[in-house]
Amino acid sequence: MKRSSTLLAILVFLLMILIFSCTNPSPKIINHPPSIPNNPQPLDVATGVVLNPTLSWTCTDPNGDTLTYDVYFSTDATPCLAATNLTANTYNPGTLEKNTTYYWKVVAQDNKGGTSESPV
């Protein structure tokens, strides 16, 4: 009798583990993309920009993921890729030409495939 009650207690315990492990699965973490890169420096339509500027922007990730950046920069209104996989939120395009309009944008990527893009 003692042996059967011990066996029954073990079976009930194992059954409870099975039930609770099936009804309470681990929550899935959803990846959210980075915020849209914002607060550009120099500002949009800025004039009198120094000829050797450092472009900068602000960007965060709601999941706290590591971010990298691609910078598009040129005199064309649809700028071309100038730098990729930057880990800092700054970029120096080199010496600029006087009296020339430049266009730029930033694409942020998190390490889980989320992306966001700033306006040009």
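At position 33 of the sequence shown the residue is numbered 33 (the UniProt record's numbering), and the sequence of numbers has no breaks.
Don't be surprised by glycine CBs; every beta carbon is placed ideally from N, CA and C.
Between the options, which has its C-alpha nearest residue i's C-alpha?
i, options, result
"D61", "Y103, V107, F13, I10", "V107"
"A46", "T101, I29, Y72", "T101"
"P93", "L67, P42, Q109", "P42"
"A77", "K105, K98, N99, L67", "K105"
"I29", "N63, S5, C59", "N63"
"T75", "S5, Y103, T58, T6", "Y103"
"N111", "P27, L86, T6", "L86"
Does the separation of the CB atoms of residue i and residue j fall below 8 Å?
i, j, result
"D70", "L81", "yes"
"P33", "S118", "no"
Could you check how far apart the C-beta atoms of residue i and residue j are, in whole angstroms? I think they sit under 8 Å.
i, j, result
"N89", "S56", "6 Å"
"N52", "T84", "Actually they are not in contact, since the Cβ atoms of N52 and T84 sit about 21 Å apart, beyond 8 Å."
"N39", "G114", "Actually they are not in contact, since the Cβ atoms of N39 and G114 sit about 20 Å apart, beyond 8 Å."
"Q109", "T54", "No, Q109 and T54 are not in contact; Cβ-Cβ is about 21 Å, not under 8 Å."
"residue 156", "P79", "It is not possible to answer for residue 156, since the shown part of the chain is limited to 1 through 120."
Using the rule of at least 16 other Cβ atoms within 10 Å of the residue's Cβ for burial, across every protein chain shown, is residue i buried or exposed?
i, result
"P37", "buried"
"F73", "buried"
"D44", "exposed"
Quick one: is residue i near chain B, going by C-beta distance under 8 Å?
i, result
"K98", "Considering every chain present, this structure includes no chain B. It has just one protein chain."
Discussion item. In chain order, what are the residue ranges of uninterrupted beta strand (DSSP E) at least 3 long that sit wholly in the segment 20-98?
Written reply: 38-41, 55-58, 67-74, 81-86
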